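Below is one structure, written out as structure tokens, with a few remarks after it.
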Amino acid sequence: MPDKAALITRRQRLLGRNMSLFYEDPVHFVRGEGVWLRDADGRRYLDCYNNVPHVGHCHPRVVEAITRQASTLNTHTRYLHDIAPRMAQAVSGRTGVIATNHTYHGNSAAGL
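Mind the numbering: the sequence shown is residues 1175 to 1286 in our numbering, read in order.
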């Protein structure tokens, strides 16, 4: 397993320095299960941040569903498929979609 310094160097080389980390001394998580994360040194952390309240890390039903889907088709936004509208309709019961051009939601310089 690469050490933390090597991972930081690789991240900066591949993603650029503008893709910042959350902490000056970032934690190197290597495993998650339920509400717990483990770092490279074996320390356990209660995860109250990464969508854990929904299903936790490595939930067996979610892992099985992801495995089943990945063995069938890897859908990606670069290709034509209707998964996003179907998911939105299943959750909301609505059929409308809002789309924008030249925008990005995430860890971009404009959003920071």
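Built from N, CA and C at the ideal position, the CB exists for glycine as well.
In this text the structure is predicted, and so the values were computed from the model without any measurement.
In its chain, beyond the 5 residues on either side, L1220, D1221, V1226 and G1230 have a beta carbon closer than 7 Å to the beta carbon of V1209. Note on L1211: 16 or more other CB atoms within 10 angstroms of its CB, so buried under the neighbour-count rule.
In this chain, E1238 is not harboured by any beta strand (DSSP E); it is covered by the alpha helix (DSSP H) spanning P1234 to A1244. L1181 has its alpha-carbon roughly 15 Å from the corresponding atom of F1196.
The beta carbon of Q1186 sits closer than 7 Å to none of the beta carbons in its chain outside the five residues before and after it.
DSSP places V1201 in no alpha helix (DSSP H); its state is neither H nor E.
Relative to P1200, the option among V1237, T1183 and G1267 whose CA is nearest is T1183. Residues V1204 and A1214 of the same chain have their beta carbon placed closer than 8 Å to that of M1175, with the five preceding and five following residues left out of the count. Residue state for L1188 is assigned as helix, using DSSP reduced to three classes.
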